[in-house]
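Numbering (UniProt numbering), first residue to last: 1 to 291. First the structure, in the form of structure tokens, and then the observations on it.
What follows is the structure, encoded as structure tokens:
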């Protein structure tokens with residue numbers, strides 16, 4: 001397996017987006033915040049919120065002192081707000097157990113609350129310049145096409161995916177870390193799922209997919225995620241009401257956001273179970289820690 005490292009690194013040096021979490025002055029904490037925010041959320045939506053968060057909470061201990069409600073409110077419209085609670089829990093652990101410094105070791109990162117395999121390796125690579133496979137959807141697609149000659153990646157297979165990517169990494173740690181970022185950038189900007197810009201690809205000549213005649217993806221069908229009318233939308237509307245007030249509210253304030261009472265109540269219950277909403281002794285509802 002191979003993917004020309006020099007071509008990819010040169011391309012990245014010339015075309016990489018100037019993202020704040022890639023700059024040399026960005027702390028490991030800033031990288032960790034960005035990685036949590038970027039999960040299932042586009043860069044354009046993340047960047048302004050990321051700046052606000054780092055200005056407000058420049059260290060894990062600063063965030064650890066905030067209430068869960070403050071963190072959920074500041075999360076705004078990024079979606080999947082449980083990520084905010086996971087980041088808050090990780091901040092508390094880093095402040096209390098690691099002297100306010102984000103760990104550099106993958107296993108230690110994995111031991112933090114809410115930090116999974118991808119995030120731990122992304123922080124090790126992008127914050128600390130380590131050689132470790134960082135595998136997201138974009139990377140899996142690039143490897144499937146450029147290396148294996150398939151139209152797209154099939155279902156995730158963590159062990160195989162990481163082994164494939166590790167085999168591609170340059171031996172020198174710093175170059176390997178940059179190479180990991182370059183693979184992700186290639187998948188995000190050029191080797192996209194629906195309309196790949198093959199004419200702009202730095203590894204076009206050696207791409208196995210091109211050499212195979214660009215076969216169509218023939219694996220399991222991928223289900224497109226919808227939003228309108230889903231529980232995700234209803235949960236977001238309920239949280240919007242609580243973000244917009246500093247006082248606990250009656251259920252009647254929540255009932256007006258969605259006409260389907262059964263779905264609305266189910267979503268409110270799920271927010272309570274997830275710890276994103278709390279109910280007071282008087283039966284009112286508030287963000288966690290704000291009553």
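All C-beta atoms in this analysis are idealised placements derived from N, C-alpha and C, irrespective of residue type, glycine included.
Where does residue 46 sit, in a helix, a strand or coil, going by DSSP?
Secondary structure at residue 46: helix, using DSSP grouped into helix, strand and coil.
Quick check for students: name the residue ranges of the alpha helix (DSSP H) that lie wholly in the UniProt domain "HhH-GPD" (37 to 189), counting only runs of 4 or more.
You should have 43 to 56, 60 to 64, 68 to 75, 82 to 97, 106 to 110, 117 to 126, 137 to 142, 158 to 168, 173 to 189.
Pair within 9 Å by beta-carbon distance, residue 102 and residue 133
No.
What is the rounded straight-line gap between the Cα of residue 251 and the Cα of residue 147?
In this structure, the straight-line span from the alpha carbon of residue 251 to that of residue 147 is close to 55 Å.
Alpha carbon to alpha carbon, how far is residue 205 from residue 228?
Just so you know, the alpha carbons of residue 205 and residue 228 end up roughly 42 Å apart.
Using 8 Å as the cut-off, classify the Cβ of residue 155 as near or not near the heavy atoms of the ligand COA, replying yes or no.
The ligand COA is absent from the structure shown, which contains no ligand whatsoever.
Inter-residue Cα distance where the pair is residue 200 and residue 190:
Residue 200 and residue 190 have their alpha carbons spaced roughly 7 Å apart.
Exposed or buried, which one is residue 260 when buried takes at least 16 other CB atoms within 10 Å?
Exposed, since its Cβ has fewer than 16 Cβ neighbours within 10 Å.
Are residue 49 and residue 86 touching if we call contact CB-CB under 9 Å?
Not a contact, by the Cβ cut-off of 9 Å.
From 249, 270, 78, 140, pick the residue whose C-alpha is nearest to that of residue 281; which is it?
Ranking 249, 270, 78, 140 by Cα distance to residue 281 puts 249 first.
Pick helix, strand or coil for residue 227, following the three-state DSSP scheme.
Looking at residue 227 - three-state DSSP - the assignment turns out to be coil, as it is neither helix nor strand.
Mind checking residue 97: buried by the 16 CB within 10 Å criterion, or exposed?
When all chains shown are included, residue 97 counts as exposed.
Is there a Cβ from chain C that is less than 9 Å from the Cβ of residue 175?
Absent from the structure: chain C. Only one protein chain is present.
When the Cα of residue 163 is compared with those of 44, 187, 29, 144, which residue comes out closest?
That would be 144, whose Cα lies nearest to the Cα of residue 163.
Per DSSP, what kind of secondary structure is residue 278 in: helix, strand or coil?
Correct three-state label for residue 278: strand.
Please work out which residues of its chain come closer than 7 Å, Cβ to Cβ, to residue 155, disregarding the five sequence neighbours upstream and downstream, and give them in chain order.
Cβ-Cβ distances below 7 Å link residue 155 to 220 in the same chain, with the five nearest sequence neighbours on each side left out; the list follows chain order.
How would you call residue 40, buried or exposed, if buried means at least 16 neighbouring beta carbons within 10 angstroms?
The residue is exposed, with fewer than 16 neighbouring Cβ atoms inside 10 Å.
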